[in-house]
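In this note's numbering, the protein residues as written are 7 to 118.
Contents: one structure, followed by commentary.
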């Protein structure tokens, strides 16, 4: 039989429980990453509208998020602008999905 180990007294057990197992204390929950708020335009000024008419038809991949990134306008304005450019014939639709519309620049062969 193995030798008996010394039993701890109640006072020793209480002292060990009060000391706690973790040295640093209880871990705190992290707040997570905070993104800064973007202040995109909700209406076009003349300069931005001119940039829309010049830059966007030259882009290879035209999506609402690409227009938002390039012109710093909000997404609703970007979608409306893309629709306007498609009706004018300066861009053409590649893919239509219920959540995402993808366009490209209009080529001469596609218009004929």
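Glycine residues also receive a C-beta, built at the ideal position from the N, C-alpha and C atoms.
As the structure is a prediction and not an experimental result, all values here were calculated from the model.
How should residue 73 be labelled, buried or exposed, when 16 other C-beta atoms within 10 angstroms of its C-beta is the threshold for buried?
-> With a 10 Å radius around the Cβ and a threshold of 16 neighbouring Cβ atoms, residue 73 comes out buried.
Option nearest residue 66 by Cα separation, candidates 97, 59, 85 and 43 | Taking the Cα of residue 66 as reference, the smallest distance to any Cα among 97, 59, 85 and 43 is reached at 97.
Name the DSSP beta bridge partners of residue 102, please?
-> DSSP output for residue 102 lists 107 as bridge partner(s).
Host alpha helix (DSSP H) of residue 56 (start-end) | That run of the alpha helix (DSSP H) goes 52 to 61.
Tell me which same chain residues have a C-beta within less than 7 Å of the C-beta of residue 68, skipping the five on either side of it?
-> Closer than 7 Å at Cβ, skipping near neighbours: 62, 88, 97, 109 and 110.
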